[in-house]
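Asks:
Residue numbers (the numbering used here), protein chains in the order written: chain A, 62 to 555; chain B, 582 to 721.
(1) Cα-Cα, which of A/264, A/374, A/207, A/118 is closest to residue 318 of chain A?
(2) What three-state label does DSSP hand residue 554 of chain A in the structure shown?
(3) In this structure, does DSSP put residue 119 of chain A in helix, strand or coil?
(4) Could you list the residues in the region 109-137 of chain A with a C-beta less than 8 Å from some C-beta on chain B, going in chain order?
(5) Tell me whether the region 108-126 of chain A and the region 81-90 of chain A touch, counting them as touching only if at least three CB pairs, one residue from each stretch, are closer than 8 Å.
(6) Beta-carbon separation of residue 441 of chain A and residue 412 of chain A under 9 Å?
(7) Going by DSSP, what residues sit across from residue 136 of chain A in a beta bridge?
(8) Return the residues of the region 659-681 of chain B that lie within a Cβ-Cβ distance of less than 9 Å from chain A, sorted by chain order.
(9) What residue range is occupied by the uninterrupted alpha helix (DSSP H) comprising residue 362 of chain A?
(10) I'd like to know if residue 554 of chain A contacts chain B, where contact means its C-beta is closer than 9 Å to some C-beta of that chain.
(11) Taking any Cβ of chain B, which residues in the region 457-489 of chain A have a Cβ under 7 Å from it, in chain order?
(12) Return the first residue and the last residue of the alpha helix (DSSP H) that residue 247 of chain A is part of.
(13) Consult DSSP for residue 74 of chain A and reduce its assignment to one of helix, strand or coil.
(14) Which residues, taken in chain order from the region 66-77 of chain A, show a beta carbon closer than 7 Å to some beta carbon of chain B?
(15) Would you kindly report the start and end of the unbroken alpha helix (DSSP H) that includes residue 419 of chain A?
(16) Starting from the beta carbon of residue 83 of chain A, find every residue of chain B whose beta carbon is closer than 9 Å, and list them in chain order.
(17) So is residue 574 of chain A in contact with chain B if we call contact Cβ pairs under 9 Å?
(18) Where do the ends of the alpha helix (DSSP H) carrying residue 679 of chain B lie?
(19) List the whole-angstrom C-beta distance separating residue 81 of chain A from residue 70 of chain A, where the pair is believed to meet the contact cut-off of C-beta under 8 Å.
(20) With distances taken between CB atoms, is the gap from residue 208 of chain A to residue 305 of chain A smaller than 9 Å?
(21) Spatial neighbours of residue 600 of chain B within its chain, please: CB distance less than 6 Å, with the 5 preceding and 5 following residues excluded, ordered by chain position.
(22) In the DSSP assignment, find the alpha helix (DSSP H) that holds residue 262 of chain A and state where it starts and stops.
(23) What is the residue span of the alpha helix (DSSP H) that residue 697 of chain B lies within?
(24) Using the rule of at least 16 other Cβ atoms within 10 Å of the residue's Cβ for burial, across every protein chain shown, is residue 640 of chain B buried or exposed?
(25) Would you give the residue range spanned by the alpha helix (DSSP H) that residue 620 of chain B belongs to?
(26) Using only the alpha-carbon positions, how far apart do residue 691 of chain B and residue 105 of chain A sit?
(27) Taking the straight line between their C-alpha atoms, what separation do you get for residue 222 of chain A and residue 233 of chain A?
(28) Within 10 Å of its beta-carbon, does residue 535 of chain A have 16 or more other beta-carbons around it, so buried, or fewer, so exposed?
(29) Quick check on this structure: which residue in A/551, A/74, A/417, A/96 has the alpha carbon closest to the alpha carbon of residue 329 of chain A?
(30) Identify whether residue 473 of chain A lies in helix, strand or coil by the three-state DSSP scheme.
(31) Using alpha carbons as the reference points, say which of A/530, A/275, A/182 lies closest to residue 75 of chain A.
(32) Helix, strand or coil: how does DSSP classify residue 585 of chain B here?
(33) Where DSSP assigns a beta bridge to residue 191 of chain A, which residues make up the other side?
(34) Throw me the rounded Cβ distance for the residue 294 of chain A and residue 286 of chain A pair, which I believe falls under 8 Å.
(35) If I'm right that residue 559 of chain A touches residue 388 of chain A with Cβ under 8 Å, what's the distance once you round it to whole angstroms?
(36) Note the first and the last residue of the continuous alpha helix (DSSP H) segment covering residue 300 of chain A.
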């Protein structure tokens, strides 16, 4: 009986736990509850993915109202994959957050922190699971509002301006999305995404639909920080608490890419873009610029967190390249990288959080000599860095391999060269950290008590870093599911 | 200071019960006419805001202590989610009101009333919290 309700439970268990965390007030109790909830969410998402792979899409009618009138939760291969990514990162971040957050926030804010984190998790899972366009907007706002709060909790005062900047940009993005959804509703009279997908082709080249498409595209692109719309991201990631950066970097932009895919393929359908608009002629240049420019900017950062944030924008460029190719290989590559980058960047930001806990800052000069003082943390960083570059036997290599393959399939040698060029730039910025940590002596005035990070933070870090190696060798989960999702999207299944 | 704004003070005191009563009317008449939890919550919260504006933040915090309001804020959401879970335990879908009572019509009625009450409680408490935290910012 309970199995039939898993789609609803995926969302409402974290949702119900969030206010309870606020009532518990005590940091440790709220943490324990959050941990329990995140593990349950991970288990549910794993069961859902296996059910979808075995029996095809699942539909859940919320409140017993049949779609397209009621809100439907609809899970296919694509969003089961995204749900698993978000839930897994949540379940790894929360054990990690305990020490990291206790160090960065005052005790009185801990209950509120876990409330906001669970709400953010709820929102991101909700965006992924829902089959209703307006419901998607509501969940997007839940996750965005809670992430503004989480970012503003950073102990640096600049966190406030970073959160405010993100709030302004994020709200513009969300408003564009809701305008787009409103226009679609105006033209079709329905909000259910599958129903929208069925009705839009019949309307032909309707101007309302094209304007809706433009609004939705720009809104989603703002949220996922594609190159010219990325200005909110570096500060938000740099000044947020470490655990929050790890969580958001691994989930928020990924879910936004999912939104874009859902709009493009389920609502508008591949035919709409091919006939009426040639989006890849817009997206591919922007994505290539993102890869090259932001990787270069990353090289010149002195704050390692900011460096990784710029690297994230470049990696989003890779995903967008894959997604814009509009072929099975391209979409597979984009989604494989979505998964791999979540794991890699989550792990890297966690390693950085360990450094922040012990050293207090993450300026590149303060990392001098850390290779000897925090060997495990720095080793994790190096492994994650190798994966980010795309060295063989790491997850990053798998992503780059499929991306280049997709580019060559289309004879797009410029893009293939840009992908490889981006990797070379990644070598430079990762090397700067390695050089500082291993080849430079510790400064004379460095505090002596700098030691290895606690196990409660190292274990989650190594789970993600280990995963980034594991998925470079055993690719049945990431590549297999991504390919199934790509075939599902392009198969015109709606 | 104490004796200033005499007319405003008296009028506020006279209006107060009507504002709160109107909020409750909008709340519970919501399923027959215009209204509902959000609107009712805003009106209810506005009553407290008016009280705080005229009598001062300290007086308002005596009526609505921030700690208590915080608890009430979460209880509203828990009521909403709780109704959803209750439908689930009774064998329906999440938020399925049909199973809440002996027949679907009564179930729908009960369900929407409780859920809107949850919305109203949370909205009122949130309005009050937002106002009091901004108004009380310069103290302490």
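From the three backbone atoms N, C-alpha and C, an ideal C-beta is built for every residue, glycine too.
Replies: On the basis of the coordinates in this document:
(1) Scanning A/264, A/374, A/207, A/118 for the CA closest to the CA of residue 318 of chain A turns up A/374.
(2) Because residue 554 of chain A sits at a pLDDT of 44, beneath the cut-off of 50, its placement in the model cannot be relied upon, and the point is left open.
(3) Three-state DSSP puts residue 119 of chain A in a strand.
(4) Using a CB distance below 8 Å, the part of the region 109-137 of chain A facing chain B consists of 121, 122, 123, 124, 125, ordered along the chain.
(5) These segments do not touch.
(6) Closer than 9 Å, so yes.
(7) Under DSSP, residue 136 of chain A forms a beta bridge with A/119.
(8) Residues passing the 9 Å Cβ filter: 659, 662, 663, 665, 666, 668, 669, 672, 673, 674, 675, 676, 677, 678, 679, 680.
(9) First-last for residue 362 of chain A: undefined, no H or E at that position.
(10) In this prediction, residue 554 of chain A scores a pLDDT of 44, lower than 50, which makes its location untrustworthy; no coordinate-derived value is stated.
(11) For the region 457-489 of chain A, which is checked against every Cβ of chain B, not one residue is closer than 7 Å.
(12) Bounds of the alpha helix (DSSP H) holding residue 247 of chain A are 219-249.
(13) It is helical.
(14) Correct list: 66, 69, 73, 76, 77.
(15) The continuous alpha helix (DSSP H) containing residue 419 of chain A extends over residues 389-420.
(16) Result: 651, 652, 654, 655.
(17) Limits of chain A in this structure are 62 at one end and 555 at the other, which puts residue 574 of chain A out of reach.
(18) Taken as a continuous stretch (DSSP letters only), residue 679 of chain B belongs to no alpha helix (DSSP H), as it is neither H nor E.
(19) In fact, because the Cβ distance is near 16 Å, the residues do not count as touching under 8 Å.
(20) Yes; because the gap between Cβ atoms is below 9 Å, this pair is in contact.
(21) Correct list, in chain order: 628.
(22) In the DSSP assignment, residue 262 of chain A falls within the unbroken alpha helix (DSSP H) covering 254-264.
(23) Counted as a single uninterrupted DSSP element, the alpha helix (DSSP H) harbouring residue 697 of chain B occupies residues 685-716.
(24) Classification for residue 640 of chain B: exposed.
(25) Going by DSSP, residue 620 of chain B is part of the alpha helix (DSSP H) stretching over 618-636.
(26) A direct Cα-to-Cα measurement between residue 691 of chain B and residue 105 of chain A gives close to 30 Å.
(27) Their Cα atoms are separated by approximately 17 Å.
(28) Burial state of residue 535 of chain A is exposed, judged by a 10 Å Cβ sphere holding fewer than 16 other Cβ atoms.
(29) When A/551, A/74, A/417, A/96 are compared, the shortest CA-CA separation from residue 329 of chain A is found for A/551.
(30) In the three-state DSSP reduction, residue 473 of chain A falls in the coil class, being neither helix nor strand.
(31) If we check each option's Cα against that of residue 75 of chain A, A/182 comes out closest.
(32) Residue 585 of chain B carries a coil assignment under DSSP once its states are collapsed to helix, strand and coil.
(33) Residue 191 of chain A pairs with A/134.
(34) Taking C-beta atoms under 8 Å as the contact rule, residue 294 of chain A and residue 286 of chain A qualify, at a distance of about 4 Å.
(35) Here chain A comprises residues numbered 62 to 555, so residue 559 of chain A is not present and cannot be evaluated.
(36) Residue 300 of chain A -> alpha helix (DSSP H) spans 294-300.
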